[in-house]
Ligand SMILES: CC(C)(COP(=O)(O)OP(=O)(O)OC[C@H]1O[C@@H](n2cnc3c(N)ncnc32)[C@H](O)[C@@H]1OP(=O)(O)O)[C@@H](O)C(=O)NCCC(=O)NCCS
């Protein structure tokens with residue numbers, strides 16, 4: 185007979201909140217002169233992972249990134265502010281919401297350019313998924329977002345079950361089923 189591990193104490197959403205600020209410089213530009221989308225995606229993944237590490241007290245890996253829409257370009261010279269907080273936890277996985285804001289540091293004008301949802305899994309010392317603390321919801325906004333996250337999780341897991349990996353130039357029957 186195996187003994188259940190003791191339940192982890194819950195942690196509030198606010199304890200996971202992280203903000204990263206990065207000045208967009210010429211090395212972050214695409215050939216069109218605006219900020220490269222890949223740079224923003226890298227920062228989104230970084231701040232999301234930090235929020236999950238704070239919640240789990242563990243290193244984490246990214247397992248899913250929901251659609252990211254770029255509604256407006258971000259300019260070189262803008263300060264990009266990325267704020268992440270854990271929005272949902274399962275047993276070993278966590279969903280994080282990342283808000284991206286571009287600020288003109290000369291005028292203080294701010295534009296909300298993206299919201300992204302990502303999923304991370306906490307790993308133990310052997311690199312296996314390991315349980316994370318329950319999430320303590322602190323207000324109505326967080327409770328509503330948690331419920332919406334349950335719906336997003338159901339969609340992701342249904343897609344995961346249906347997914348077939350087909351090589352670009354290989355056997356179309358190949359894949360992970
Ligand atoms: C993270 C990893 C160890 C999990 O292994 P696994 O065999 O999928 O483990 P499980 O099936 O037990 O899933 C673990 C959790 O992740 C969730 N999960 C796994 N794949 C998921 C996906 N595509 N979307 C959403 N959640 C997912 C499961 O629902 C489960 O959550 P829960 O414990 O909260 O219920 C494995 O998927 C992995 O190593 N992935 C690569 C991670 C990586 O390298 N990321 C960087 C990409 S470049």
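In the numbering used here, the protein residues as written are 185 to 361.
For every residue, glycine included, the Cβ atom is placed at its ideal position computed from N, Cα and C.
In the DSSP assignment, what residue or residues form a beta bridge with residue i?
i: residue 191; result: Answer is none; residue 191 lacks a bridge partner.
i: residue 173; result: Only positions 185 to 361 of the chain appear in the structure, and residue 173 is not among them; the question remains open.
i: residue 213; result: 219
i: residue 196; result: 320
i: residue 343; result: Note: residue 343 sits in no beta bridge, so no partner.
Give the C-beta separation of residue i and residue j to the nearest angstrom, bearing in mind that I take them to be a contact with Cβ-Cβ under 8 Å.
i: residue 269; j: residue 200; result: 5 Å
i: residue 263; j: residue 289; result: 5 Å
i: residue 307; j: residue 244; result: 7 Å
Just to confirm my understanding: we take residue i, look at its own chain, exclude 5 residues before and 5 after, and list those with CB closer than 6 Å. What are they?
i: residue 326; result: 197
i: residue 249; result: 302
i: residue 272; result: 279, 330, 333
i: residue 300; result: 228, 252, 282
i: residue 267; result: 203, 283
i: residue 215; result: none
i: residue 324; result: none
i: residue 254; result: 221
i: residue 310; result: none
For residue i, which residues in the same chain have their Cβ closer than 7 Å to its Cβ, ignoring the five residues on either side in sequence?
i: residue 265; result: 203, 205, 285, 287
i: residue 225; result: 252
i: residue 193; result: 317
i: residue 223; result: 212
i: residue 305; result: 244, 245, 247, 276, 277, 313
i: residue 256; result: 295, 297
i: residue 190; result: none
i: residue 345; result: none
i: residue 322; result: 196, 197, 198
i: residue 343; result: none
Excluding five sequence neighbours on each side, which residues of the same chain lie with their C-beta closer than 8 Å to the C-beta of residue i?
i: residue 260; result: 208, 209, 210, 212, 213, 217, 218, 219
i: residue 186; result: Here residue 186 scores only 46 on pLDDT, less than 50, and its place in the model should not be relied on; the value that follows carries that caveat. Cβ within range, chain order: n/a, list empty.
i: residue 195; result: 239, 317, 318, 319, 320
Check: What is the chain-ordered set of residues for which the beta carbon lies under 5 Å from any non-hydrogen atom of ligand 1?
Finding: Near ligand 1, residues with a Cβ at less than 5 Å from any of the ligand's heavy atoms are 245, 246, 247, 248, 274, 275, 276, 277, 303, 305, 313, 340, 344; the list follows chain order.
Next item on the list: Count the CB pairs spanning the stretch 289–296 and the stretch 219–236 that are closer than 8 Å, and state whether there are at least three.
Entry: no
Notebook entry, point to check: Hey, is the stretch 272–279 in contact with the stretch 333–341, meaning 3+ C-beta pairs nearer than 8 Å?
Noted result: They touch, by the three-pair rule.
Note to self: I want to know whether the stretch 303–318 touches the stretch 239–246 - three or more CB-CB distances under 8 Å.
What the structure shows: By the Cβ criterion, the stretch 303–318 is in contact with the stretch 239–246, since at least three pairs of Cβ atoms, one from each stretch, lie closer than 8 Å.
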